[in-house]
Amino acid sequence: MLKKINYFLLFLLLFSRGSEAGNLGEIFFENAMITIHHNACQLKSPLKEKRKLILPLDKCASRAQKIAISHPNLKQIHWAQHDRQTVWIVATFSKDYQYEITSSPYQYRICIPFCQKNQSIMRHNPERESSTMMFMLKDMLFQIPLQGMLIDEFLERSIGFVPQDVMKDGLPHFGAKRDDWLGSSRKHKGYDIYANNINVVAAAKGTVIKIRQNKIAGRYVKLYHDAQLYTVYVHLKTVLVEIGQQVKRGEIIGRIEGATGNAVEPQLHFEIKPYNQSVDPFPLIEHFYQDHRQIAYKITKYKKTLSASIQKRDENVKNFRLRSFSSHSNHLYSNY
Ligand SMILES: [Zn+2]
């Protein structure tokens, strides 16, 4: 009995940790800059010693690793789990040093001695002035993968969109609650864009690595984009590429016509997966346009629409569950 309880506690511990902790991705050194890719790790105040820089990343998990550096000042970078939820990244220098940190979604950059901010790739990117919504991850440029969909339309049809059945269909954003009205804690791992009779295009240059079909997804395509980056396109009616095919950003890969799989309304379920783990593309979009006044303003406006939708949906779910449990609780699970 005791053993059983222990296993149960262990399971709880692992489960709760797994669902909250982020993890480290790639770390590399280039052009006097340490780049740290991560998913949901939080950088705490660095500890500066004469020849060591310690970067504590909270809510983070990683295997121990080290890289040797050939640089006049920096000797090596190593990292390991420091305690249950903190990873320490330690940069060892050969003499006293200066540094500066910048952060963007899923990435920290430590420049030695300082970051040249006016050389920002994003600010000088002419693509940003195009009418398709873009974002960057690991220095790779992505676009919202629906052909001809303009920025305003995208915002209206993603975070600005309220599905007809807000409760059963769920809201479009990443991390949205799904099936909570049935008592499940499933979270939405992609980003939904509601559109019909439209071509789906590659979000970035890549290779088709998977084409499948099932009852939940309908037809879907997965692309690989180098640097451990993947994207997935779900709820397609038609797939217009083959396995192994190379595609350019903006090239047609499939088409949405009607709702497929478990989709209630026609939509693209889009996932971006560094290291094959889904992340929210929205912070990347916000970051890409952070100093673009007009677009940043629109994003803020649509985020308010989304918060209102979330509130409305939470109320619907609460009322539904209250009603279900008081009148016909026995039928709640057997019906669906
Ligand atoms: Zn979805």
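Sequence positions in the sequence shown follow this note's numbering and run 112 to 447.
All residues carry an ideal CB built from backbone N, CA and C; glycine is no exception.
Check: Are the beta-carbon atoms of His284 and Tyr305 separated by less than 8 angstroms?
Finding: Contact flag unset, no.
Check: Quick one: is the Cβ of Asp291 within less than 7 angstroms of any heavy atom of ligand 1?
Finding: no
Next item on the list: Kindly indicate which three-state DSSP category Ile180 falls into: helix, strand or coil?
Entry: coil
Check: Start and end of the alpha helix (DSSP H) containing Glu256?
Finding: As written in the sequence, residue 256 is Pro, which differs from the Glu given in the question. Neither: Pro256 is in no alpha helix (DSSP H) and is coded neither H nor E.
Notebook entry, point to check: Just checking, does the segment 243–259 make contact with the segment 391–399 on the three C-beta pairs under 8 angstroms criterion?
Noted result: The segment 243–259 is in contact with the segment 391–399.
Notebook entry, point to check: Ends of the beta strand (DSSP E) at Tyr247?
Noted result: For the sequence presented, residue 247 should be read as Met rather than Tyr. Element bounds for Met247: 245–248.
Check: Excluding sequence positions up to five away, which residues of its chain have a Cβ less than 8 angstroms from the Cβ of Asp169?
Finding: Excluding residues up to 5 positions away in sequence, Cys152, Gln153, Leu154, Lys155, Gln196, Thr197 lie with their Cβ nearer than 8 angstroms to the Cβ of Asp169 in the same chain.
Check: Is the closest heavy atom of ligand 2 to the C-beta of Gly369 under 7 angstroms?
Finding: Looking for ligand 2 in the displayed structure turns up nothing; the ligands present are ligand 1.
Notebook entry, point to check: DSSP state of Asn81, grouped into three classes?
Noted result: Residue 81 lies beyond the stretch modelled for the chain, which goes from 112 to 447, so this question has no answer here.
Next item on the list: Compute the distance between the beta-carbons of Gly369 and Leu351, then report whether it is under 8 angstroms.
Entry: Taking C-beta atoms as the reference points, Gly369 and Leu351 fail to come closer than 8 angstroms.
Check: Hey, quick one: how far does the alpha helix (DSSP H) through Phe316 stretch, first residue to last?
Finding: Here residue 316 is Lys; the residue named in the question, Phe, does not match the sequence. Taken as a continuous stretch (DSSP letters only), Lys316 belongs to no alpha helix (DSSP H), as it is neither H nor E.
Check: Looking at C-beta atoms only, is the number of pairs between the segment 339–346 and the segment 371–380 that lie closer than 8 angstroms three or more?
Finding: yes
Note to self: Any residue with its C-beta under 5 angstroms from a non-hydrogen atom of ligand 1 counts. Can you list them all in chain order?
What the structure shows: Gly301, Asp303, His380
Check: How is Ile327 classed by DSSP in three states: helix, strand or coil?
Finding: coil
Checklist line | Which of helix, strand or coil DSSP assigns to Ser389 | finding: coil
Check: By the 10 Å Cβ neighbour count, where 16 or more other Cβ atoms means buried, how is Ser296 classified, buried or exposed?
Finding: exposed
Checklist line | Reference Leu166; option with closest CA among Lys333, Arg220, Gln405, Gly372 | finding: Arg220
Note to self: If I measure Cβ to Cβ from Val375 and keep anything under 8 angstroms in the same chain, skipping five residues before and after, which residues do I get?
What the structure shows: Pro274, Gln275, Asp276, Lys279, Asp280
Checklist line | Endpoints, the alpha helix (DSSP H) within which Asp291 is located | finding: Unbroken run through Asp291: none, as it is neither H nor E.
Next item on the list: Tell me whether the beta-carbon of Arg424 lies closer than 8 angstroms to the beta-carbon of Leu282.
Entry: yes
Margin query: Using the three-state DSSP reduction, which class does Ala407 fall into: helix, strand or coil?
Written below: helix
Margin query: Could you check whether Leu135 and His149 sit closer than 8 angstroms to each other, using their CB atoms as the reference points?
Written below: yes
Next item on the list: Please check the pair Val312 and Leu266, which I expect to be a contact at CB under 8 angstroms, by giving their CB distance rounded to whole angstroms.
Entry: No, Val312 and Leu266 are not in contact; Cβ-Cβ is about 18 angstroms, not under 8 angstroms.
Next item on the list: Just mark Leu433 as buried or exposed, buried being the case when its beta carbon has 16 or more other beta carbons within 10 Å.
Entry: Exposed.
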